[in-house]
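Protein chains: 2
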Amino acid sequence: MELAHVLASLGAGDPAPVPRQQRLYALLKAAILDGTLTPGQALPASRQLAADYGIARNTVLHAYQLLQAEGFVAADRGGTRVATLPLAAALPPGAALRHGEPPGLSRRAGRLQLRRGEAILPFAPGVGDLNAFPWAAWARHLQRAWGEVSARRLAYAPAGGEPALRAALAGYLRARRGVVCEPAQVFVVGGAQLAIDACARLLADEGDVAWVENPCYPAARAAMQTAGLQLLHVPVDGEGMAPEVALWQQHPPRLLYLTPSHQYPLGSVLSLERRLDFLRRIEASRGWIVEDDYDSEFGHGRPGGLPPAIQGLRAEAPVVYVGTFSKLLYPGLRLAYMVVPRWLAGSFGDRLDSLYRSGQAVEQRALAGFLESGGLTRHQRTMAPIYRARQAVLRRELAAAFGPSASILGGAAGLHLTLLLPDGPADVEIVRQAAELGVTARPLSEYRAGGGGPPQNGLVLGYGMADEKRIPELVARLATARQQALDALHHAPPQ
Amino acid sequence: MELAHVLASLGAGDPAPVPRQQRLYALLKAAILDGTLTPGQALPASRQLAADYGIARNTVLHAYQLLQAEGFVAADRGGTRVATLPLAAALPPGAALRHGEPPGLSRRAGRLQLRRGEAILPFAPGVGDLNAFPWAAWARHLQRAWGEVSARRLAYAPAGGEPALRAALAGYLRARRGVVCEPAQVFVVGGAQLAIDACARLLADEGDVAWVENPCYPAARAAMQTAGLQLLHVPVDGEGMAPEVALWQQHPPRLLYLTPSHQYPLGSVLSLERRLDFLRRIEASRGWIVEDDYDSEFGHGRPGGLPPAIQGLRAEAPVVYVGTFSKLLYPGLRLAYMVVPRWLAGSFGDRLDSLYRSGQAVEQRALAGFLESGGLTRHQRTMAPIYRARQAVLRRELAAAFGPSASILGGAAGLHLTLLLPDGPADVEIVRQAAELGVTARPLSEYRAGGGGPPQNGLVLGYGMADEKRIPELVARLATARQQALDALHHAPPQ
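Heads up: the sequence lines are chains A and B, in that order.
Counting with the working numbering, you get residues 2 to 496 for the letters of the first sequence.
Counting with the working numbering, you get residues 2 to 496 for the letters of the second sequence.
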């Protein structure tokens with residue numbers, strides 16, 4: 002093979018801003034890897050190559066030295082030769098791999114449901130009003146935490162999280178949610194999904210049965226499904242998850258995943274009777290309740306706010322309580338927490354630590370300060386009536402725009418309402434049309450899984466970022482989107 | 002049941018700083034939950050209870066209202082009665098659960114290896130010199146990123162990470178590691194372990210075979226094991242992972258996990274021949290190479306630094322490249338990245354996004370700025386000779402203190418050396434003694450798994466945080482620890 006061909010671009014006016022010696026190295030390496038230069042082929046002496054191409058001899062020597070150090074060429078008395086390497090055959094142009102199809106994703110990855118839509122436009126669910134967040138106060142706490150920084154606080158955080166945050170959280174959860182816990186039972190992790198993932202892997206084995214609500218928070222399903230659990234999709238009614246009694250005998254759950262404060266997405270509040278019944282039965286089936294206290298930050302309407310957590314209803318019950326700061330602070334912070342029974346705290350913590358290294362100690366300390374100063378609960382108190390007012394306007398506008406055929410679910414807590422649209426176009430089509438009009442909504446059908454039960458069609462509408470004054474116009478756009486989807490349906494060519 | 006008994010502590014001088022109405026509510030709730038007050042039992046009229054205990058009637062009314070809202074009591078014309086609830090039998094004192102043993106951890110959690118030791122003392126492996134980090138420069142970039150903050154940047158980060166960081170990373174990896182990639186192939190995740198976890202779940206299914214090095218980075222093993230993969234522990238020699246050729250036929254890997262730049266913990270550099278051989282064979286077995294480019298930040302000794310990444314040796318090969326900023330910046334930052342082939346980037350990114358929500362957009366933008374300004378590579382250039390000098394001193398001191406029976410492995414890159422101590426006391430015992438002397442070392446035996454091959458005894462010693470001047474004294478403590486472990490061995494009572 003002509004070396005001249007390989008090195009043709011070497012003298013060609015240096016189109017790329019790459020030093021000459023790196024280019025020589027790169028050209029030779031590429032030619033060896035693709036078989037253009039063959040094993041055993043002699044490279045010219047450095048002096049000669051330098052003279053031929055008008056480059057410094059040191060440039061050539063450096064390139065040869067690198068290639069030799071990396072094993073691409075071998076040098077002996079006879080000069081420098083291309084090494085004999087276990088090269089694959091050259092790729093035909095356009096082919097990615099020699100052996101048929103590339104390996105691709107796993108089957109379980111293929112089964113994952115994809116997330117659609119923009120997290121920040123109205124009415125994306127699950128986001129609080131980021132514009133109303135008390136940045137000045139939060140920045141002060143962050144700044145103070147950075148001021149106290151030390152090497153220790155920048156290394157991995159202590160397993161389970163910064164002690165100050167665990168203590169502050171234990172106090173907060175006891176007072177606000179009736180969670181019965183000591184700081185040692187509280188574990189800080191990088192997001193609610195990681196908390197659910199940790200439950201799926203540390204509390205259940207491949208093939209174990211997990212009950213999930215149907216419809217369900219897709220990210221929770223994704224975490225459990227990819228951990229190899231066998232999901233059982235249990236219907237939800239107005240009082241939360243509603244399993245047939247026989248199911249407990251037929252497929253006792255190892256994990257029972259619940260969003261009791263405000264079922265996501267249907268908005269039911271799990272009744273006390275079911276809470277107690279689940280507690281009783283989970284012990285008999287030797288399983289775990291994973292209590293995702295989603296949307297519990299803001300209770301609306303009930304005199305005492307939301308019912309207290311399942312975790313606190315029975316001492317030492319097999320319940321893992323999960324919560325997050327995504328809605329009270331901001332989702333990008335990526336801090337969530339889980340509370341495990343006292344008798345499991347030690348062994349659970351050890352295992353959690355081998356699953357995920359903990360970090361963000363500075364942010365954790367800032368958050369502890371923010372909690373202890375009362376800043377977070379003040380923000381919570383400020384926002385509750387604002388969200389309540391937004392919900393009222395959204396409810397009124399939806400009823401006006403979608404008429405009596407549409408019913409509205411949820412609203413006892415949290416930041417979203419669910420609009421059922423049983424007749425007419427598919428929700429995904431409405432959502433697609435709405436996106437073109439600059440409004441995000443999540444299709445209810447995306448939350449459903451498995452067979453059984455009637456399909457549910459509707460929109461999950463977050464009002465956290467929706468200013469009251471804008472809601473009428475935003476709802477009008479949703480109604481337009483629905484009309485457009487309806488028109489498209491009627492004008493679709495017959496199949 | 003006497004209500005008087007339940008409410009005995011109500012008037013008792015308010016020992017806890019809890020409002021009277023909350024205490025009344027809590028006492029009644031607890032008594033209902035534990036069966037002290039029985040279903041259907043009438044509670045006294047609010048007026049009467051208020052008079053009996055000398056509390057305001059509104060206090061009683063509020064407590065009753067809460068209990069009713071939560072379903073603990075029911076009110077009708079006949080007054081307020083305890084609701085009929087599916088209660089479990091009362092717990093006998095001291096018993097956690099009614100049905101025998103509590104459910105506990107999963108089997109796979111039980112198999113996890115626990116991490117020991119402190120991440121910040123010398124010689125903890127895997128930590129750079131946090132005291133030498135250019136805090137002022139990093140703080141400026143962080144501050145600038147906070148200055149540009151917006152609601153969008155505080156919501157979930159765009160799937161895959163902030164575009165500015167993905168672009169900066171692609172450039173950095175092309176230039177420094179020969180990784181062939183566009184920004185769209187780069188995905189930012191919350192730590193290297195999450196990157197490995199994503200590979201295990203998105204590229205492999207339960208029961209699929211994963212080859213791991215033996216000894217191996219325990220956190221990688223933990224991620225793959227808890228994802229349900231079947232691990233095959235392949236021995237490592239001086240040129241990296243050394244599988245028998247027959248293994249490729251017998252148990253072709255779906256995932257092949259490698260630390261090629263500086264095998265963790267033995268410090269071998271994977272030879273070019275094996276890199277190419279693995280690339281050729283992985284295509285035939287339709288598997289994936291997970292290239293954890295651990296320790297590639299600092300190459301020592303070779304003229305051109307470390308050999309370039311496997312990823313860049315063959316266009317579009319089935320390789321996922323994984324790296325982290327834990328050693329260049331600080332572990333607590335919890336930012337790592339993965340690079341996937343172009344043909345997988347789209348579908349992989351969609352799935353990654355349903356597995357973990359992305360965040361920390363502010364930190365990601367700060368990091369992009371730090372990379373683009375050249376600050377990070379400047380820090381890298383500053384630290385390389387410092388670490389090299391520390392390694393030289395550590396090597397010299399270890400040789401002097403442990404004599405010819407001990408051999409030292411590794412050092413071509415990274416921040417640790419491995420001291421083999423085949424004779425004498427068990428490494429875990431030396432590590433235990435060393436911890437009492439204030440020195441962290443990781444026992445080599447902790448990295449081994451599975452049967453086969455001789456046991457390996459030794460110490461994995463990180464020198465990132467070890468000041469040159471202190472190393473002689475620290476090594477002396479290690480030698481003392483070994484002597485103490487030896488003494489304990491000889492003075493152990495006969496079995």
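For each residue, glycine too, the CB sits at the ideal point set by N, CA and C.
Within chain A, A152 have C-beta atoms less than 8 Å from the C-beta of B/N132, given in sequence order. Counting only residues of its own chain and dropping the five nearest sequence neighbours on each side, A/T85 has a CB closer than 6 Å to the CB of P40.
Taking each of A/L280, A/Q381 and A/A486 in turn and checking the Cα distance to A/F134, the smallest one comes out for A/Q381. For A/L372, the enclosing alpha helix (DSSP H) begins and ends at A362 to E373. Residue pairing for A/R443: DSSP places it in a beta bridge opposite A/V461. Contact between A/Q226 and A/G241 fails: their C-beta atoms lie close to 22 Å from each other, not under 8 Å. Burial is judged here by how many other beta carbons sit within 10 angstroms of a residue's own beta carbon; A/Q66 has at least 16 and is buried. Here A/T383 is exposed: its Cβ has fewer than 16 other Cβ atoms, across all protein chains shown, within 10 Å. Residue ranges of uninterrupted alpha helix (DSSP H) with 4 or more members, entirely inside the segment 142 to 226 of chain A and ordered along the chain, are 152 to 155, 164 to 178 and 193 to 203. Under the DSSP definition of a beta bridge, A/A337 partners with A/V190 and A/T325. Selection B/A337, B/V341 and B/G333 evaluated against B/Y322 yields B/V341 as nearest (Cα-Cα). Put simply, the CB of B/P308 is near chain A, with a gap under 9 Å to one of its CB atoms. Take the alpha-carbon of B/L280 and the one of A/M339: they are about 42 Å apart. DSSP places A/S297 outside both helix and strand once states are collapsed to three, so it counts as coil. Contacts between B/V128 and chain A, judged by CB atoms closer than 7 Å, involve A156 in chain order.
Here A/S286 is near A/W249, since their CB atoms are less than 9 Å apart. Separation of A/E364 and A/F188 (C-alpha to C-alpha, rounded to the nearest whole angstrom) is 15 Å.
In terms of Cβ geometry, B/L277 and B/L256 do not form a close pair [threshold 9 Å].
C-alpha of B/G179 to C-alpha of B/P319: approximately 16 Å in a straight line.
Residue-level contact check: A/W136 touches chain B, since one or more beta carbons of chain B fall below 9 Å from its beta carbon.
Relative to B/A480, the option among B/E469, B/D428, B/H491 and B/M466 whose CA is nearest is B/D428. Residue contact with chain B for A/T227: present (Cβ-Cβ distance below 9 Å to some residue of chain B).
Any Cβ of chain B closer than 9 Å to the Cβ of A/L113 would place that residue at the interface, and such an atom is present. A direct Cα-Cα distance of roughly 18 Å separates A/A169 from A/G192. The beta carbon of B/D351 sits closer than 9 Å to some beta carbon of chain A. Within the same chain, and ignoring the five residues on either side of A/P216 in sequence, the residues whose Cβ sits closer than 6 Å to its Cβ are P266, Y448 and R449. For A/V83, the uninterrupted beta strand (DSSP E) run begins and ends at G80 to V83, by DSSP. If you draw a straight line from the Cα of A/G412 to the Cα of A/S297, it is about 12 Å long. Membership of A/Q231 in the beta strand (DSSP E) is indicated by the continuous run Q231 to D238. When the Cα atoms are used, B/L271 and B/L462 turn out to be separated by approximately 20 Å.
Distance from the CA of A/P164 to the CA of A/P184, rounded to the nearest whole angstrom, comes to 8 Å. Residue-level contact by beta carbon fails for B/G172 and chain A, as no gap is shorter than 9 Å. With contact defined as three or more Cβ pairs closer than 8 Å, the segment 393 to 406 of chain B and the segment 468 to 483 of chain B are in contact. Following the DSSP letters along the chain, one finds A/I283 inside the alpha helix (DSSP H) bounded by residues L273 to A285. Close to B/F73, with beta-carbon spacing below 9 Å, are these residues of chain A in chain order: L273.
For the pair of segments examined, the segment 150 to 159 of chain B was found to touch the segment 322 to 333 of chain A: the number of CB pairs separated by less than 8 Å reaches three.
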